[in-house]
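Chemist: Per the numbering used here, residue 6 is the first one in the sequence shown, and the count goes up by one each step. All C-beta atoms, glycine included, are put in the ideal place defined by N, C-alpha and C. One structure is given below, represented as structure tokens, and several questions about it will come after.
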Amino acid sequence: MSNISAKLANRFLDLIGWQVVGPAPATPKYILIAAPHTSNWDFSLMFLAGKVLGIRISWMGKEELFRGPLGPLTRALGGVPVNRSVRQNMVAQMVQVFNERDALILAVPPAGTRRKTPYWKTGFYWIALGAQVPIAFGFIDYKRKQVGVGPTLMPTGDIEADIAVIRDFYADITAKFPEEKSIVAVRPRTPKQHTESTDKQNR
């Protein structure tokens with residue numbers, strides 16, 4: 006069935022003029038950046054690319070989506086529930102999920118919205134750092150009509166330096182709506198946050 010799905014996905018992308026770029030990382034667990042994100046088409050293209058590359062892409066969703074009759078379907082489509090009502094934050098929850106699973110490819114759109122933002126949300130980075138998994142540069146390039154996975158980066162804990170590497174990769178990736186492409190940058194940290202991050206690196 007997986008081979009059939011891959012062939013159908015590849016055929017569809019070929020019909021609409023898109024090329025899948027890979028290969029995907031061989032490691033069974035990693036964060037997959039999904040960027041730039043300016044259109045509802047982005048997830049569909051990334052999902053189809055995942056089929057072609059032979060990877061099962063998972064995504065985070067609020068816990069309510071997994072209740073009731075649609076719950077099994079949501080999980081089957083790769084959904085991972087996040088409980089926002091507990092004290093444990095989203096990063097800690099996802100680190101725990103990574104630690105509990107033998108395989109998990111978690112796609113995260115760091116912009117968090119289809120609108121242009123001055124900063125990326127950094128949850129994806131802290132999840133990868135906490136779970137000690139690499140970050141793969143998933144991309145959707147509407148100018149070249151290419152979708153797939155680029156290089157990977159193992160987070161060092163120096164988020165500013167690591168984001169600079171990520172920024173260089175996405176600099177010439179064209180969004181569906183270029184004017185809405187979010188800036189690849191992180192919000193400046195307070196002295197307390199910087200100290201806490203340094204402490205984590207030194208442990």
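At the level of alpha carbons, what is the spacing between G84 and P41?
Modeler: 21 Å
Chemist: What residue range is occupied by the uninterrupted beta strand (DSSP E) comprising L111?
Modeler: 109-113
Chemist: Mind checking whether G117 and M51 have CB atoms under 9 Å apart?
Modeler: In this structure, M51 does not lie closer than 9 Å to G117 by Cβ.
Chemist: Just reading off the beta strand (DSSP E) that T157 is part of, what are its end residues?
Modeler: 151-158
Chemist: From the DSSP output, in three-state form, read off V26 for me.
Modeler: strand
Chemist: Does DSSP classify P33 as helix, strand or coil?
Modeler: coil
Chemist: So who's on the other strand from S63, going by DSSP bridges?
Modeler: Assignment of beta-bridge partners to S63 by DSSP yields L111.
Chemist: Taking one C-beta from the stretch 133-143 and one from the stretch 31-48 each time, how about it: are there three or more such pairs within less than 8 Å?
Modeler: yes
Chemist: Does the beta-carbon distance from I168 to V191 come in below 9 Å?
Modeler: yes
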